[in-house]
Amino acid sequence: MSLGSVVTADRFVDLAGLLESCEVDGFRADFVSWGHYRPEYWLNYRHSHSFHEVCLAYAGEGRFTSGDTEYAVGPGTVFLARPGDAHEIESSRADPLGIAFWGFTFRPVTRGPMGAGWWSGLTRTDGPVVSARTGGLAATVGGMAAEAAAPQSGYQASLAALGATLVLDTARAFAFDEDLSVEPTARSQARDAVVVDAMQRLLLDNLARPITVREVAAAVHLSERHAERLFRSVTGSSLMSTLRRLRLELAAQLLLDPSTTITSVAHACGYSDVRPFSTAFRRRYGRTPGEYRRTGGTTFAGR
Numbered sequence: 001m002s003l004g005s006v007v008t009a010d011r012f013v014d015l016a017g018l019l020e021s022c023e024v025d026g027f028r029a030d031f032v033s034w035g036h037y038r039p040e041y042w043l044n045y046r047h048s049h050s051f052h053e054v055c056l057a058y059a060g061e062g063r064f065t066s067g068d069t070e071y072a073v074g075p076g077t078v079f080l081a082r083p084g085d086a087h088e089i090e091s092s093r094a095d096p097l098g099i100a101f102w103g104f105t106f107r108p109v110t111r112g113p114m115g116a117g118w119w120s121g122l123t124r125t126d127g128p129v130v131s132a133r134t135g136g137l138a139a140t141v142g143g144m145a146a147e148a149a150a151p152q153s154g155y156q157a158s159l160a161a162l163g164a165t166l167v168l169d170t171a172r173a174f175a176f177d178e179d180l181s182v183e184p185t186a187r188s189q190a191r192d193a194v195v196v197d198a199m200q201r202l203l204l205d206n207l208a209r210p211i212t213v214r215e216v217a218a219a220v221h222l223s224e225r226h227a228e229r230l231f232r233s234v235t236g237s238s239l240m241s242t243l244r245r246l247r248l249e250l251a252a253q254l255l256l257d258p259s260t261t262i263t264s265v266a267h268a269c270g271y272s273d274v275r276p277f278s279t280a281f282r283r284r285y286g287r288t289p290g291e292y293r294r295t296g297g298t299t300f301a302g303r
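Here the sequence shown is numbered in UniProt numbering, starting from 1 and rising by one per residue.
Here it is in structure tokens:
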């Protein structure tokens, strides 16, 4: 993690008045303080807050006392005082401590029973208060300071997104590993859905030209067998049957435009000849393309 963006983030304090709250994953955070201390000696006497106070050290050394436990802190350390925690921070005189800090309240607004998750780093009182698991905190602090230094149109949306990231990464830094774990099945399903979406987009983008399973599989870096098996498991259909369905659905739309010829519709849907196109269309819709066009795509119930 590079702390360079935090070193120059003295405009972090200008977030006061620019970002008051944000929502993330069913929780609301109301920001109450922003700060940036340059490396120099200072002592923040023992005190407590009604909100979460978080410090990210970017230079020097110091000590953080939470309750009766004292911790050494230095560059790349993030430390937390939860609501009601009595704590004290002192910078080293020989190698002064530099920090960025932020404070916020945290409460559920749309989430039901909380259970375990990334938020446990803030809601569990038995969690760690010092961590080196800072993730993208340094980059987020730097980005927020830059936005505060020169706000432009859209800064509210930008800061709300960055604020949500700040809260999320803060909580992750102090959560137990088991609270951050995601079921492998869920990860695998999400990954598979993304790959299948990519294959479907490729089919939709190439309805007018010949395309093979090999080409689709290569585009998502899978073997033909694996691509076909994955596609069928997610969609319930094979790649080629899906391609035929998409082509005929497109044909049904194009046929409603009387200015297009049936031949041009067939070519636009990947058929080089009208005869196989008409056969496939009738098999799916129960009518020839010409009959479908004459009725405007309407099917009348028999009497």
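Cβ coordinates follow ideal geometry from the N, Cα and C atoms, glycine included.
Given the structure is predicted, the values throughout are model-derived calculations rather than measurements.
When DSSP states are grouped into helix, strand and coil, Thr260 belongs to the coil group. Looking at the DSSP output, Trp34 shares a beta bridge with Trp102. Of the candidates Ala150, Arg46, Ile99 and Gly117, the residue whose Cα lies closest to the Cα of Glu183 is Gly117.
Rounded to whole angstroms, His36 and Gly98 show a C-alpha spacing of 8 Å.
Distance check between Arg28 and each of Leu137, Thr8, Val130 and Leu122 places Leu122 closest, using alpha-carbon atoms only.
The C-alpha of Pro108 is placed about 56 Å away from the C-alpha of Thr260. Boundaries for Arg294: no beta strand (DSSP E) harbours it, while the alpha helix (DSSP H) harbouring it runs Pro289 to Arg294, taken from the DSSP string. For His87, the enclosing beta strand (DSSP E) stretches over residues His87 to Ser91. DSSP, reduced to helix, strand and coil, places Ala81 within a strand of the structure shown. Contact between the segment 120-138 and the segment 40-50 is absent: fewer than three C-beta pairs spanning the two stretches fall below 8 Å. Excluding the 5 residues flanking it on each side, Ala81 has same chain C-beta neighbours closer than 6 Å at Glu53 and His87, in chain order.
When only Cα atoms are considered, Ala148 and Arg172 end up about 24 Å apart.
Selection Ser233, Gly26, Leu246 and Leu18 evaluated against Gly270 yields Leu246 as nearest (Cα-Cα). Beta bridge pairing from DSSP links Gly62 with Val73 and Ser91. In the structure shown, Phe176 falls within a coil segment according to DSSP collapsed to helix, strand and coil. Measuring C-alpha to C-alpha distances from Phe104 to each of Ser33, Ser48, Ala164 and Arg93 identifies Ser33 as the nearest. At least 7 Å separates the beta-carbon of Val13 from that of Tyr71. The continuous alpha helix (DSSP H) containing Glu147 extends over residues Leu137 to Ala149. Bounds of any alpha helix (DSSP H) do not take in His49, whose DSSP letter is neither H nor E.
Taking the CA atoms as reference points, Val6 sits about 8 Å from Ala139. Between the alpha carbons of Gly127 and Tyr155 lies a distance of about 34 Å. Ala29 is bridged by DSSP to Cys22 and Phe106. Of Leu203, Ile262, Val78 and Thr165, the smallest CA-CA separation from Phe174 is found for Val78.
For Leu255, the secondary structure class from DSSP, reduced to helix, strand or coil, is coil.
For the pair Thr65 and Glu90, the Cα-to-Cα distance works out to about 9 Å. Counting along the chain, the unbroken alpha helix (DSSP H) around Tyr285 starts and ends at Val274 to Tyr285.
Around Trp119, the same chain offers Phe27 and Ala171 as residues with beta carbons nearer than 7 Å, after the five sequence neighbours per side are excluded. Here the C-alpha atom of Asp257 lies approximately 12 Å from the C-alpha atom of Leu250. By the C-beta density criterion, Ala145 is buried, having at least 16 other C-beta atoms within 10 angstroms.
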